[in-house]
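Novice: Using my numbering, you'd call the opening residue of the sequence shown number -13 and step up by one each time. Glycine included, C-beta positions come from ideal geometry on N, C-alpha and C.
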Amino acid sequence: MFIDSVELTVTSGKGGAGCVAFRREKFVLNGGPNGGDGGKGGDIYFRCDNNTHTLSHFQKKMHIKADDGSQGEGSNMTGKAGAKKVIIVPPGTQILDADTGEILFDMIKDTQEELFIKGGRGGLGNTHFKSSTNQRPTYAQPGEKGETRTVRLELKLIADVGLVGFPNVGKSTLISTVSNARPEIANYEFTTLTPKLGQVNIGDYESFVMADIPGIIGGASEGKGLGIEFLRHIERTKILLFMIDLASYRDLREQIETLKSEVALFSEKLAQSKYAIALTRADIIDPDKIDDLVEEFLKIVGVEATKNSKLDMDNSMPYFIQPTADETLGYDRKLPYFVIPISSATHRNIEPLKHALFNLVQSNREI
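#1: Our contact map puts G60 next to N20 with C-beta atoms below 8 Å; I'd like the distance itself, whole angstroms only.
#2: Can you tell me the Cα-Cα spacing of E281 and K260, whole angstroms?
#3: Can you round the beta-carbon distance between A67 and K0 to whole angstroms, since I take them to be within the 8 Å contact cut?
#4: Measuring CB to CB, does G2 end up less than 8 Å from G58?
#5: Give the secondary structure of S349 by DSSP, where H, G and I count as helix, E and B as strand, and everything else as coil.
#6: What does the alpha-carbon distance come out to for the pair Q80 and E99?
#7: If you compare alpha carbons, which of I94, P153, K104, A145 is closest to K51?
#8: Out of K255, A262, D231, L251, state which residue places its alpha-carbon closest to the alpha-carbon of I276.
#9: Could you compute how far the alpha carbon of P128 sits from the alpha carbon of S56?
#10: In this structure, how does DSSP classify I336 when only helix, strand and coil are distinguished?
#11: If you draw a straight line from the C-alpha of L183 to the C-alpha of C5, how long is it?
#12: Can you tell me whether Y323 is buried or exposed, with buried defined as 16 or more other CB within 10 angstroms of its CB?
#13: Within the same chain, show all residues whose beta-carbon is closer than 7 Å to that of M63, passing over the 5 residues directly before and after it, in chain order.
#14: For the beta strand (DSSP E) containing R138, list its first residue and its last residue.
#15: V150 and F228: beta carbons closer than 8 Å?
#16: Out of curiosity, what's the CA-to-CA distance linking G87 and V(-8)?
#17: Assign L101 to buried or exposed, taking buried as 16 or more other Cβ atoms, counted over all protein chains shown, within 10 Å of its Cβ.
#18: Between D53 and the rest of its own chain, which residues show a CB-CB distance below 6 Å, the 5 nearest in sequence each way excluded?
#19: Do F44 and I188 have their C-beta atoms within less than 8 Å of each other?
#20: Do T223 and A145 count as a contact pair if the criterion is CB distance below 8 Å?
#21: In whole angstroms, what separates the C-alpha of R107 from that of R122?
#22: List in chain order: all unbroken beta strand (DSSP E) runs of 3+ residues lying wholly within the stretch 64 to 100.
#23: Within its chain, find whatever has a CB closer than 7 Å to the CB of N350; leave out the 5 residues flanking it on each side and keep chain order.
#24: At the level of alpha carbons, what is the spacing between K12 and G18?
#25: Once DSSP output is grouped into helix, strand and coil, what is the label at P153?
#26: Could you check the C-alpha separation between T244 and S193 for me, to the nearest Å?
#27: Identify, in the order they occur along the chain, each residue of the same chain with its Cβ nearer than 6 Å to the Cβ of D(-10), setting aside the five sequence neighbours on each side.
#28: Round the Cβ separation of R33 and I74 to the nearest angstrom and send it over; I've been treating them as touching at under 8 Å.
#29: Counting only beta-carbon atoms, is E240 nearer than 8 Å to chain D?
#30: So is Q241 buried or exposed if we call it buried at 16+ other beta carbons inside 10 Å?
#31: Return helix, strand or coil for Q241, following the three-state DSSP convention.
#32: For K157, which option in P273, V72, A264 has the closest C-alpha, if you only look at C-alpha atoms?
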């Protein structure tokens, strides 16, 4: 089961009580106080671990508590400190205050560890309270109570490229074709119920990560469909790949305008991301009509068809591609980086798509 948002109550350990004790040794009369201090309560930490990919292990464990410190002992012996409690979360997890919504920690890097709550201090033993007027103190401090806080954990997958499209547009098929991800694929809408990550390899030493999320429909920002529940997973991605179905009953203009509108309503920052467009299911379009169909779409997004020969990987290429950052014209964020018709079934333009996305990812990493 995929769980991407949970609420937890966490409590640090209580400090151990100080000890009331007196020195008792042979030939030592009226020995003074020697009660030791209580041990410190355990701290609460969050740690990021690449081997964890979901928050599902918190589903039945909603209250997490660190160990209490032990009571002090005679002979000025301090009690054992409570063991710290380390809460393991996957990369991309944000720790938010449940009451205010404030982001407390953003867990991104493997082995990243953050101290959240300190344990209570141990109480002082009676040896600390002796004085010239009170040589036999019978008082020791109780341990300090641990702190309790409620937090919300939200998992936002970290990817270089996020796929955005209507249900059944071919996102799962594409990510299974270009990467090591194996999502469920079927001929009905909302096949994808949980986000998926896949690594796309470019040659032997280069790669980027692609995220597939459930399909988005009109009104998603108001809670319709499934996509809005997972749009937060592509908040971290700086590049979006809009997937438009050439064979859909939905008009091409309706598809791109609805998708861009829903993304903007969800997050204005996300709407400013660099983006590209893949026109899917090109294999079932009449080859004599595909040029006209693509050119019609290019007019909708405000560009002209200019096939680019640089990415001729399989005797085909994008119909439009912007110059990369190291070229003179620069990049216009209002326009797609490229527009390319593809077919995951026949692998048409899959290699040019991978290389064009990688070029865009690389230029973005250099910023």
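Specialist: The structure says:
#1: Sure, about 6 Å apart at Cβ, within 8 Å.
#2: C-alpha of E281 to C-alpha of K260: approximately 21 Å in a straight line.
#3: Separation of the CB atoms of A67 and K0 is rounded to 12 Å, and the pair is thereby denied contact status at 8 Å.
#4: Cβ distance < 8 Å, so G2 and G58 count as in contact.
#5: Correct three-state label for S349: helix.
#6: In this structure, the CA atom of Q80 is about 13 Å from the CA atom of E99.
#7: Of I94, P153, K104, A145, the residue nearest in Cα terms is K104.
#8: Here the closest residue by C-alpha is D231.
#9: If you draw a straight line from the Cα of P128 to the Cα of S56, it comes to about 11 Å.
#10: Per DSSP, reduced to three states, the secondary structure at I336 is helical.
#11: In this model, L183 and C5 are separated by some 55 Å (Cα to Cα).
#12: Classification of Y323: buried, given that the 10 Å Cβ count is 16 or more.
#13: Cβ-Cβ distances below 7 Å link M63 to G22 in the same chain, with the five nearest sequence neighbours on each side left out; the list follows chain order.
#14: That run of the beta strand (DSSP E) goes 134 to 141.
#15: Yes, these two residues count as a Cβ contact at 8 Å.
#16: Linking G87 to V(-8) through their CA atoms gives a straight-line distance of about 13 Å.
#17: A residue is called buried when at least 16 other Cβ atoms come within 10 angstroms of its Cβ; L101 does not meet this threshold and is exposed.
#18: Answer for D53: G(-1), G28, G68, A69, listed in chain order.
#19: No.
#20: With contacts defined by Cβ atoms closer than 8 Å, A145 and T223 form a contacting pair.
#21: For R107 and R122, the distance between alpha carbons rounds to 24 Å.
#22: 71 to 75, 79 to 83, 89 to 93, all fully within the stretch 64 to 100.
#23: K224, I225, K260.
#24: K12 and G18: Cα-Cα distance of roughly 14 Å.
#25: DSSP, reduced to helix, strand and coil, places P153 outside both helices and strands of the structure shown, so it counts as coil.
#26: Answer to the nearest angstrom: the Cα atoms are 31 Å apart.
#27: Excluding the 5 residues flanking it on each side, D(-10) has same chain C-beta neighbours closer than 6 Å at L141, in chain order.
#28: Contact holds; Cβ gap of about 6 Å.
#29: Here chain D cannot be found, since the structure has a single protein chain.
#30: Around the beta-carbon of Q241, 16 or more other beta-carbon atoms lie within 10 Å, marking it buried.
#31: Q241 falls in the helix class under three-state DSSP.
#32: The shortest C-alpha to C-alpha distance from K157 to any of P273, V72, A264 is the one to A264.
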